[in-house]
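Step one of this worksheet: look at the structure below.
In this note's numbering, the protein residues as written are 23 to 425.
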């Protein structure tokens, strides 16, 4: 049985999930292609949330569309974060170490143990043959993906609980810390470029846009926009909610999930963080969103919700067997989600047919694993990777793919 993380008490989810769109709904362009652009052209899943703006969407990859088989599985010591998949490898934070497996057959290739005491609570970010991993000792380390050897290390003011972020050129590395600092490191010069302080603890990954704007959220509901180039603050907003999940940026809209099931859509352009719309889903939630084809996917309680990204109105919802603490992931035309019973679902992104919550043909498949999926999936090369934990069974890493 795994040890609880610092925020596990926030994962207790409610069972009420009613969506109501409120506030002014400023019209935006259809986001069917915008999310794919924001997600980038990586066909793998190199970081938590897939990309630097946390779309949870792999538009150029695919996962199982029919009931998959367990291609392989391997035992973990303790599941402390979601897997990521890149360079034909799968990387998993396993308690105090980062473990690398062969994506094809699950053979362990190496493990890296950063200095210091404590666990790694976030997935790494993989780019250009390097895995960037946060350590328990107030640092972030660059590790060679082939050998698992340390290439360089940067010190931070506090521990890093969200996956590191890179700019579009791969020249700058960004992390947020437990004591409210954002660090930017120059990967060409191997030195800190700038740092900025915010009000409160940063629990979630940052979002770094193509235009070099950086967005950060804090536990107590602060939302910030900075210049990723020099750290200059552009605007700041205070939302009426605790925030533990990552913000997602698509075009000029920043989607921020609140702890009580809210989703806030903020205008990042002329609106300087003004609210475009807000939804109320109900229940307690600390999972990330996924956005694809103009639809926001999120879970509260025992439901997967689909919300219109332009207006915040409910499109449909899908009932799960049990409450979920698993962030949805989208690849192609399928959204993947898991629940507390160990069930994993592949669901059509259009929700099948029907009206509102009355749906027909939404589910592509359902498979039960020995333990609930912790945090999120990685989807790449036709394979769905899932790390599970359970009070009754050993933590496992699964690779699910169609025969």
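Just so it is clear, CB atoms sit at the ideal spot from N, CA and C, and this is done for glycine as well. Since the structure is predicted, the reported quantities are computational estimates derived from the model, not experimental observations.
Bridge partners - residue 279, DSSP secondary structure assignment: 285
State the DSSP-derived secondary structure class of residue 154, mapped to helix, strand or coil. strand
Does the stretch 71-84 come close enough to the stretch 309-321 that 3 or more CB-CB pairs lie under 8 angstroms? yes
Assign residue 56 to one of three DSSP states: helix, strand, or coil. helix
How many Å lie between residue 299 and residue 337 at the Cα? Taking the Cα positions, residue 299 is about 15 angstroms away from residue 337.
Based on the DSSP secondary-structure assignment, which residues constitute the bridge partners of residue 168? Answer is none; residue 168 lacks a bridge partner.
Evaluate the contact criterion for the stretch 91-103 versus the stretch 371-387: three or more CB pairs, one atom per stretch, below 8 angstroms. no
Could you name the residues of the same chain whose beta carbon sits closer than 6 angstroms to that of residue 52, not counting the 5 residues immediately before and after it, in chain order? Note on residue 52: pLDDT 41, under 50, position unreliable in the model; no value is reported.
Can you tell me the Cα-Cα spacing of residue 346 and residue 362, whole angstroms? 5 angstroms
So, for residue 175: in the same chain, excluding its five sequence neighbours on each side, which residues have a beta-carbon less than 6 angstroms away from its beta-carbon? 161 and 163
Beta-carbon separation of residue 148 and residue 201 under 9 angstroms? no
Please report how far the alpha carbon of residue 70 lies from the alpha carbon of residue 185, in whole angstroms. 6 angstroms
Between residue 350 and residue 389, is the Cβ-Cβ spacing less than 9 angstroms? Not in contact: residue 350 and residue 389 (Cβ atoms no closer than 9 angstroms).
Close beta carbons around residue 384, own chain, < 6 angstroms, minus the five adjacent residues each side: Cβ within range, chain order: 340, 369, 370, 373 and 374.
Mapping the DSSP letters down to three states, classify residue 63 as helix, strand or coil. coil
C-alpha gap between residue 261 and residue 243, whole angstroms: 5 angstroms
With H, G and I counted as helix, E and B as strand and the rest as coil, what does DSSP make of residue 75? coil
Suppose you measure from the CA of residue 283 to the CA of residue 211; what does that come to, to the nearest Å? One C-alpha to the other measures close to 42 angstroms.
To the nearest angstrom, how far is the alpha carbon of residue 159 from that of residue 406? 31 angstroms
Less than 6 angstroms between C-beta atoms, sequence neighbours within five positions excluded: which residues of the same chain meet that for residue 289? 296 and 298
Can you grab the Cα-Cα spacing for the pair residue 320 / residue 328, in whole Å? 7 angstroms
Got a sec? Which residues, its chain only, sit under 8 angstroms from residue 285 by beta carbon, not counting five neighbours each side? 277, 278, 279, 300, 301, 303, 311, 318, 320, 329 and 334
Which residue wins for smallest C-alpha separation from residue 169, given the options 123, 82 and 265? 123
Given a threshold of 16 other Cβ atoms within 10 Å of its Cβ, counted over all protein chains shown, does residue 92 qualify as buried or as exposed? exposed
With residue 125 and residue 111 assumed to form a contact (beta carbons below 8 angstroms), what rounded beta-carbon distance in angstroms separates them? 6 angstroms
Among 173, 380, 60 and 358, which one has its Cα closest to the Cα of residue 152? 173
Pick out the complete beta strand (DSSP E) segments inside the stretch 246-274, 3 residues or longer, and give them in chain order. 255-260 and 270-272
Measuring only the C-alpha atoms, how far is residue 240 from residue 287? 16 angstroms
Please list the segments of the beta strand (DSSP E) lying wholly inside the stretch 375-404, counting only runs of 3 or more residues, in order along the chain. 375-377, 380-382, 385-390 and 394-402
Expected contact under 8 angstroms - CB spacing of residue 415 and residue 392 to nearest Å: 4 angstroms
Kindly give me the distance between the Cβ atoms of residue 245 and residue 281, rounded to whole angstroms, as I take these residues to be in contact under 8 angstroms. Rounded to the nearest angstrom, the Cβ distance from residue 245 to residue 281 is 14 angstroms, too far for a contact under 8 angstroms.
Start-to-end residues for the beta strand (DSSP E) that takes in residue 122: 119-124 is the extent of the beta strand (DSSP E) around residue 122.
Same chain only: Cβ atoms within 6 angstroms of residue 121, ignoring 5 sequence neighbours per side: 114 and 133
Looking at residue 331 and residue 272, is the spacing between their C-beta atoms short of 9 angstroms? yes
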